[in-house]
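Structure record follows, encoded as structure tokens.
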Amino acid sequence: MTTLHRRQLANAIRALAMDAVQKANSGHPGMPMGMADIAEVLWNDHHKHNPGNPTWADRDRFVLSNGHGSMLLYALLHLTGYPLPIEQLQAFRQLGSHTAGHPEHEPHLGIETTTGPLGQGLANAVGMALAEKVLANTFNRPGFEIVDHYTWVFLGDGCLMEGVSHEACSLAGTLKLGKLIGFYDDNGISIDGEVHGWFTDDTPKRFEAYGWHVVPNVDGHDPAAIERAIAAAKAEKDRPSLICCKTIIGWGAPNKQGTEATHGAALGVEEVAATRKNLGWEHAPFVIPEDIRRGWDARERGQKAEDEWRARFEQYRAKFPELAAEFERRMRGELPDAWKTKSAEYLAQAAQATGSLATRQASQQALNGLGPHVPELLGGSADLTGSNNTNRKDSRPFTAEDPTGNYLHYGVREFGMSAIMNGIALHGGLIPYGGTFLVFSDYARNAIRMAALMKQRVIFVLTHDSIGLGEDGPTHQPVEHIPSLRIIPNMTVWRPCDAAETAVAWIDAIERRDGPSVLALTRQGIPAQARTPEQVEAIRRGGYVLKDCEGAPEAILIATGSEIGLAVEAAAALEQQGRRVRVVSMPSTNVFDAQDASYREQVLPKAVACRVAIEAASPDMWWRYVGDRGAVIGMTSFGASGVAKELFKHFGFTADNVVKTVERLLQSAG
Numbered sequence: 009m010t011t012l013h014r015r016q017l018a019n020a021i022r023a024l025a026m027d028a029v030q031k032a033n034s035g036h037p038g039m040p041m042g043m044a045d046i047a048e049v050l051w052n053d054h055h056k057h058n059p060g061n062p063t064w065a066d067r068d069r070f071v072l073s074n075g076h077g078s079m080l081l082y083a084l085l086h087l088t089g090y091p092l093p094i095e096q097l098q099a100f101r102q103l104g105s106h107t108a109g110h111p112e113h114e115p116h117l118g119i120e121t122t123t124g125p126l127g128q129g130l131a132n133a134v135g136m137a138l139a140e141k142v143l144a145n146t147f148n149r150p151g152f153e154i155v156d157h158y159t160w161v162f163l164g165d166g167c168l169m170e171g172v173s174h175e176a177c178s179l180a181g182t183l184k185l186g187k188l189i190g191f192y193d194d195n196g197i198s199i200d201g202e203v204h205g206w207f208t209d210d211t212p213k214r215f216e217a218y219g220w221h222v223v224p225n226v227d228g229h230d231p232a233a234i235e236r237a238i239a240a241a242k243a244e245k246d247r248p249s250l251i252c253c254k255t256i257i258g259w260g261a262p263n264k265q266g267t268e269a270t271h272g273a274a275l276g277v278e279e280v281a282a283t284r285k286n287l288g289w290e291h292a293p294f295v296i297p298e299d300i301r302r303g304w305d306a307r308e309r310g311q312k313a314e315d316e317w318r319a320r321f322e323q324y325r326a327k328f329p330e331l332a333a334e335f336e337r338r339m340r341g342e343l344p345d346a347w348k349t350k351s352a353e354y355l356a357q358a359a360q361a362t363g364s365l366a367t368r369q370a371s372q373q374a375l376n377g378l379g380p381h382v383p384e385l386l387g388g389s390a391d392l393t394g395s396n397n398t399n400r401k402d403s404r405p406f407t408a409e410d411p412t413g414n415y416l417h418y419g420v421r422e423f424g425m426s427a428i429m430n431g432i433a434l435h436g437g438l439i440p441y442g443g444t445f446l447v448f449s450d451y452a453r454n455a456i457r458m459a460a461l462m463k464q465r466v467i468f469v470l471t472h473d474s475i476g477l478g479e480d481g482p483t484h485q486p487v488e489h490i491p492s493l494r495i496i497p498n499m500t501v502w503r504p505c506d507a508a509e510t511a512v513a514w515i516d517a518i519e520r521r522d523g524p525s526v527l528a529l530t531r532q533g534i535p536a537q538a539r540t541p542e543q544v545e546a547i548r549r550g551g552y553v554l555k556d557c558e559g560a561p562e563a564i565l566i567a568t569g570s571e572i573g574l575a576v577e578a579a580a581a582l583e584q585q586g587r588r589v590r591v592v593s594m595p596s597t598n599v600f601d602a603q604d605a606s607y608r609e610q611v612l613p614k615a616v617a618c619r620v621a622i623e624a625a626s627p628d629m630w631w632r633y634v635g636d637r638g639a640v641i642g643m644t645s646f647g648a649s650g651v652a653k654e655l656f657k658h659f660g661f662t663a664d665n666v667v668k669t670v671e672r673l674l675q676s677a678g
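Residue numbers (our numbering): 9 to 678.
Right, dumping it as structure tokens:
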């Protein structure tokens with residue numbers, strides 16, 4: 009292919025980008041125009057994919073971490089033959105289109121992940137490459153490399169300024185993810201202008217220090233130089249690679265290229281016309297000539313690549329039928345056939361637990377009981393394994409030297425861990441879970457949100473869930489965190505009170521295929537509750553009657569987690585006074601709210617106005633359950649350093665205070 013023809017292929021990306029942004033009068037044309045030459049070489053000569061089957065298991069993964077340049081990805085998908093017609097590009101950034109301002113995860117269109125919050129796409133790519141390495145070491149056999157693909161990621165200055173890039177790339181180097189190759193768009197421009205005033209890192213040295221293979225000073229507008237850099241990166245098997253590409257933002261725009269004016273705004277009618285003339289692009293907006301379309305069309309070669317892989321896979325199946333079936337099951341996201349039986353058996357066992365146990369310990373018991381039946385579970389912790397109890401009896405660390413492990417030591421990298429887990433889930437074939445303290449979910453917050461936005465099966469194990477952690481004090485005692493996580497759309501938060509509820513939380517999180525789950529767990533021991541089989545089954549509904557009274561209740565106590573024991577104790581004291589009290593355990597408000605109205609009325613009948621919610625967290629959300637004639641016993645301040653029992657007493661979490669609150673409400677109503 010001649011350099012001139014390559015340039016015309018790349019110019020198709022530039023034209024589509026500037027036309028779509030101009031039509032929308034909104035968007036970021038500069039990056040697509042600057043990285044078009046890199047994308048052309050990568051997608052036409054190296055990127056293994058099949059537009060006819062965007063979810064082919066052994067495809068390469070492509071991540072646009074600098075997601076504001078989304079028109080680069082949409083142009084690539086359209087030109088290579090994905091089901092993204094020109095009308096979708098013409099509807100760029102419009103309501104209802106598949107061409108949102110930042111790429112949104114749509115695997116059937118070839119969009120591998122949602123990007124835009126800078127740096128997270130890069131961390132997702134680390135997770136994808138990690139998943140590839142785990143699965144390759146699980147399923148590949150000599151002569152049968154059925155998992156053998158690259159993860160490519162485009163990134164810019166903004167991605168590298170974000171702290172999550174340090175967390176994720178440091179770990180990627182340590183784990184020697186040799187099939188991860190990044191392209192750094194080194195154009196020296198961000199929204200505020202030339203970055204030398206605020207970003208003077210020596211990026212090549214930084215990545216070399218991480219243990220990456222670095223190809224520096226590549227002319228990002230020279231196809232031959234780009235080709236040589238990719239070849240060098242692919243030849244490096246034991247280290248991830250960063251190709252540092254010197255580019256000009258808005259390349260081809262004669263009056264605006266190289267400036268921040270092309271970063272986040274339409275070029276303008278006059279500059280678009282001048283750019284067309286400068287590029288020698290004589291075609292009308294959104295018109296791609298047939299020879300250019302043929303040059304981009306990847307459907308035939310993509311189908312050929314998949315057909316060749318499928319032929320190898322059938323040979324693999326003939327020799328390793330059980331492995332082949334297991335691989336296909338995992339990539340479909342289905343659980344093992346025995347899961348329903350094994351999980352039910354474990355739940356029945358957990359429901360018989362007695363005594364006092366921290367729910368973080370109950371969580372570890374659940375992992376030991378359930379984990380061996382779900383081999384795709386990939387665990388980890390942000391340097392808190394012994395506190396989060398996220399390891400299992402059969403946990404083996406995954407390391408560069410031993411990539412057969414099933415447990416990741418993420419180090420003190422909460423944000424990186426969470427974004428990497430999103431990438432693992434996006435890749436497919438694995439179910440990631442990772443732990444940290446609940447209070448440090450703040451560090452990971454945006455990645456947790458992205459898991460919910462992308463509807464990914466990611467499990468966040470967040471321990472030390474209240475003032476009950478005690479002496480570490482208010483810096484480590486979460487107050488607002490549980491309610492703030494509950495209000496994330498598509499998030500399921502579980503705050504279980506004992507081993508039975510913890511088992512249900514784990515079962516639900518593993519079974520859930522359309523979003524992430526948070527397990528908020530105690531440090532301190534809390535008493536097990538007795539239940540009938542019907543009540544055990546009702547846990548799955550998020551809220552249920554744990555203790556009831558004879559006749560219609562006068563008061564309802566609603567609690568979660570460590571405060572359930574307090575509610576049960578207070579109810580017993582009130583019953584001794586002749587009061588009829590119901591205790592409702594609500595381990596997941598998200599799940600309870602999704603139940604039908606009749607069930608919710610059955611648990612929390614509107615006729616009972618005296619309702620008290622008890623949770624050692626910010627109280628605001630509970631008012632919708634207790635109403636204006638109820639009360640909430642919660643945390644309206646930060647915590648304090650002290651022994652847990654003393655802290656609960658100090659902040660009003662006592663049976664006596666609950667009893668007095670109910671009496672006051674009943675008297676005022678009476």
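Cβ atoms here follow ideal geometry from the backbone N, Cα and C, with glycine treated the same way. Nothing here was measured: the structure is a model prediction, and the numbers come from that model.
Problem set entry | Unbroken alpha helix (DSSP H) run spanning tryptophan 514, endpoints | 507-519
For this session: Taking only the alpha-carbon atoms, compute the straight-line gap between serine 626 and valine 420 and give it to the nearest angstrom.
Result: 27 angstroms
Exercise. What's the C-alpha gap between leucine 674 and tryptophan 347?
Worked result: 47 angstroms
Exercise. Mind pulling the alpha helix (DSSP H) runs of 4 or more residues that sit fully within the segment 328-373?
Worked result: 329-340, 347-358
Exercise. Ordered along the chain, which non-local residues of its own chain (more than five positions away) have a Cβ less than 6 angstroms from that of isoleucine 467?
Worked result: Tyr441, Ala517, Ser525
For this session: Decide yes or no for the touch test of the segment 586-606 against the segment 444-463: beta carbon pairs closer than 8 angstroms, at least 3 of them.
Result: no
Exercise. Do the segment 79-90 and the segment 49-59 touch if we need at least three Cβ pairs shorter than 8 angstroms?
Worked result: yes
Exercise. When the Cα atoms are used, what is the spatial distance from serine 78 to arginine 400?
Worked result: 41 angstroms
Problem set entry | Nearest neighbour of glycine 288, chosen from Gly260, Asp315, Gln265, Gly310 [CA to CA] | Gly260
Problem set entry | Candidates Ala677, Leu72, Thr11, of which the one nearest isoleucine 234 by Cα | Thr11
For this session: For the segment 164-172 and the segment 485-500, state whether three or more C-beta atom pairs, one from each stretch, are separated by less than 8 angstroms.
Result: no
Problem set entry | Residue ranges of each beta strand (DSSP E) within the segment 246-275, 3 or longer | 249-254
For this session: Could you spell out the range, first to last residue, of the beta strand (DSSP E) harbouring aspartate 194?
Result: 188-194
Exercise. When the Cα atoms are used, what is the spatial distance from threonine 644 to valine 487?
Worked result: 8 angstroms
Exercise. Comparing alpha-carbon positions, which option in Thr597, Asp604, Gln610 lies nearest methionine 629?
Worked result: Thr597
Exercise. So which of Asp391, Arg465, Arg318 has the shortest CA-CA distance to aspartate 66?
Worked result: Arg318
Exercise. Which first and last residues belong to the beta strand (DSSP E) in which alanine 32 is found?
Worked result: That residue, alanine 32, is in no beta strand (DSSP E); its alpha helix (DSSP H) goes 11-32.
Exercise. Should the segment 356-370 be called in touch with the segment 530-538, which here means at least 3 C-beta pairs below 8 angstroms?
Worked result: yes
Exercise. Between proline 297 and the rest of its own chain, which residues show a CB-CB distance below 8 angstroms, the 5 nearest in sequence each way excluded?
Worked result: His291
Exercise. Excluding five sequence neighbours on each side, which residues of the same chain lie with their C-beta closer than 8 angstroms to the C-beta of tyrosine 418?
Worked result: Leu179, Gly388, Ser389, Ala390, Asp391, Gly424, Met425, Ile428, Gly442
Exercise. Comparing the CB of tryptophan 206 with every heavy atom of the ligand FMN, is any distance shorter than 8 angstroms?
Worked result: The ligand FMN is not among the ligands present in this structure, which contains no ligands whatsoever.
Exercise. For tryptophan 206, which beta-bridge partners are listed by DSSP?
Worked result: DSSP lists no partner for tryptophan 206.
Exercise. What is the rounded straight-line gap between the Cα of alanine 131 and the Cα of histidine 76?
Worked result: 16 angstroms
For this session: Quick one: give me the first and last residue of the alpha helix (DSSP H) that aspartate 156 is part of.
Result: Unbroken run through aspartate 156: none, as it is neither H nor E.
For this session: Grab me the residues of lysine 3's own chain with a C-beta within less than 7 angstroms of its C-beta, minus the 5 sequence neighbours each way, in chain order.
Result: With the chain covering only 9 through 678, there is no way to say anything about residue 3.
For this session: Pair every Cβ in the segment 538-545 with every Cβ in the segment 472-482, then say whether three or more of these pairs are closer than 8 angstroms.
Result: no
Problem set entry | Segment contact flag, the segment 601-613 with the segment 546-557, C-beta cutoff 8 angstroms, min 3 pairs | yes
Exercise. Of all Cβ atoms in chain D, is any one closer than 9 angstroms to the Cβ of alanine 44?
Worked result: Checking the listed chains, one finds no chain D in this structure; it contains a single protein chain.
For this session: Measuring alpha carbon to alpha carbon, tell me which of Cys252, Val616, Cys505, Glu48 ends up nearest valine 223.
Result: Cys252
Exercise. Taking three-plus beta-carbon pairs below 8 angstroms as touching, is the segment 178-193 in contact with the segment 144-162?
Worked result: yes
For this session: Could I get the ranges of all uninterrupted alpha helix (DSSP H) runs contained in the segment 289-323, with 4 residues as the minimum, in chain order?
Result: 298-304
Problem set entry | Rounded separation between alanine 217 and glutamate 175 - CA only | 13 angstroms
Exercise. For valine 161, which option in Met43, Ile94, Glu114, Thr208 has the closest C-alpha, if you only look at C-alpha atoms?
Worked result: Met43
Exercise. What is the residue span of the alpha helix (DSSP H) that tyrosine 441 lies within?
Worked result: First-last for tyrosine 441: 439-445, but that is the beta strand (DSSP E), not the alpha helix (DSSP H).
Exercise. Taking the beta strand (DSSP E) that alanine 639 falls in, what are its first and last residues?
Worked result: 639-641
For this session: Counting only the same chain and skipping the five closest in sequence on each side, list residues whose C-beta sits under 6 angstroms from that of valine 591.
Result: Leu554, Lys555, Leu565, Ala575, Val576, Ala579
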